[in-house]
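Student: Numbering (the numbering used here), first residue to last: 735 to 1123.
Cβ coordinates follow ideal geometry from the N, Cα and C atoms, glycine included.
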Ligand code: FDA
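(1) Let me know the secondary structure DSSP gives residue 945 once reduced to three states.
(2) When we look at the beta-carbon of residue 826 and count the other beta-carbons within 10 Å, is it buried (16 or more) or exposed?
(3) Cβ of residue 1111 versus every heavy atom of the ligand FDA: is any distance shorter than 8 angstroms?
(4) Within 10 angstroms of its Cβ, does residue 1024 collect 16 or more other Cβ (buried), or is it exposed?
(5) Closer than 8 angstroms to a non-hydrogen atom of the ligand FDA - does that hold for the CB of residue 767?
(6) Expressed to the nearest angstrom, what Euclidean distance is found between the alpha-carbon atoms of residue 1028 and residue 777?
(7) Report yes if the CB atom of residue 905 is closer than 9 angstroms to the CB atom of residue 864, and no otherwise.
(8) Quick one: grab the DSSP three-state call for residue 984.
(9) To which residues of the same chain is residue 765 closer than 6 angstroms at the C-beta, ignoring the five residues directly before and after it?
(10) Rounded to the nearest angstrom, how far is the Cβ of residue 981 from that of residue 1059, given a contact under 8 angstroms?
(11) Count the other CB atoms, across all protein chains shown, that sit within 10 Å of the CB of residue 1075; report buried if there are 16 or more and exposed otherwise.
(12) Can you list, in chain order, the residues of its chain whose CB lies under 7 angstroms from that of residue 1068, leaving out five sequence neighbours each side?
(13) Per DSSP, which residues does residue 836 bridge with? Please list them.
(14) When DSSP builds the beta bridges, which residues end up paired with residue 897?
(15) Among 1000, 1001, 831 and 1021, whose alpha-carbon lies nearest the alpha-carbon of residue 1010?
(16) Quick check on residue 795: does DSSP put it in helix, strand or coil?
(17) Taking the CB atoms as reference points, tell me whether residue 1066 and residue 745 lie closer together than 9 angstroms.
(18) Does the stretch 910-923 come within contact of the stretch 1073-1088, defined as at least 3 CB pairs closer than 8 angstroms?
What follows is the structure, encoded as structure tokens:
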């Protein structure tokens, strides 16, 4: 069977690219290993798919080349995707920070993509195991359990390594390696972090406690909630900072984000209130107790020396925790690293050294923040390739 384009992977990027190629009159075939397409879309956003963010720029992405995503993001914007969603009558709402979710279910996004694919005449084959990929002078030949398929262009859209239980495989990286393309080291991202055994003994009892902090690593800082779990820390601030954090390094937490601890403690300097009760006005009580046990045995505030107050205020704004590792790919929303952007055209996503071979979506070394940015990259990179394949 011969088509103009074969797309490996029927996820967000693959389906959208097939639809775009179809609009240009190109015959497209999507080969999907799972029994259904779009499984990650279905579970995304807690079942409501945070399909984009109102404000997106390259600054919301981590990549070895922070400029690479600019071109594709500029040519297919959140507003373009919102128009498509509205054209399909999908109701949505903004949850917070520009994050747009389906009001009903993520399934609407899959139906929309399938509708767009059908309109463009794209074909989809599921339960398709890719056995090999090879390039001839004129085309690519993909051998599968469903037979042999040939195309002029080949798009690799089979995602990263995160969430293997919904079908993630390393095929995209293997194809890149087969064609001698560089791969930036991959690791789990948007992922909870785990405490070492000692820390777990200290903090395990706080499981379920959540507080607003600013979590920082290097120049990156996110003001959102952290959540103590039975194994470590999770919550949006942790998932966000995990994109920047390096293994075995410390993360700094401002526990009184937006407040001035020195001023607050100074104002209460003459009070007989116990420190733990004072802190409980600003932090969850269970956390305040733990904090006092570690840093400043609780006593009335009027018994703290100015030096002690200064030190305490410093720790409240810069509480540091070291983490050795993450919860791993089975809990990670995305994969950091991937096919090096040095190898790809930022305009078309085509491999510079292998004509007609394209990489789009999560398999590429472009990883977004939490909040709809990863789907926007999937749409934008798929659109870019879809205009050329
Ligand atoms: P994606 O993983 O979507 O698709 C790849 C496809 O290729 C899959 O269908 C897979 O089965 C197929 N495939 C894999 N190996 C294959 C092989 N060997 N042969 C053939 N096919 C193969 N992002 C966001 O912006 N908003 C959100 O709300 C969420 N929520 C979220 C929740 C959870 C639990 C996870 C795990 C992830 C998210 N994400 C997210 C991230 C988002 O899902 C992700 O960035 C995109 O799905 C990436 O799109 P791709 O098309 O590149 O990969």
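Tutor: On the basis of the data shown:
(1) Strand at residue 945.
(2) Residue 826 is buried by the Cβ-count criterion.
(3) For residue 1111, the Cβ falls inside the 8 angstroms cut-off from some heavy atom of the ligand FDA.
(4) It is buried - the Cβ of residue 1024 has at least 16 other Cβ atoms within 10 Å.
(5) Residue 767: yes, Cβ under 8 angstroms from the ligand FDA.
(6) When the Cα atoms are used, residue 1028 and residue 777 turn out to be separated by approximately 39 angstroms.
(7) Between residue 905 and residue 864, the gap from beta carbon to beta carbon is short of 9 angstroms.
(8) Three-state result, residue 984: strand.
(9) 742, 859 and 862.
(10) Yes, residue 981 and residue 1059 are in contact; Cβ-Cβ is about 6 angstroms, under 8 angstroms.
(11) Counting the other Cβ atoms within 10 Å of the Cβ of residue 1075 gives 16 or more, which makes it buried.
(12) Answer for residue 1068: 894, 896, 923, 924, 1096, 1101 and 1108, listed in chain order.
(13) According to DSSP, residue pairing for residue 836 in a beta bridge involves 826.
(14) Paired residues: none, contrary to the question.
(15) Selected option, being the one with the closest Cα: 1021.
(16) Of the three classes helix, strand and coil, the one that applies to residue 795 here is strand, per DSSP.
(17) Not closer than 9 angstroms, so no.
(18) With a cut-off of 8 angstroms, the stretch 1073-1088 and the stretch 910-923 count as touching, because enough Cβ pairs lie within range.
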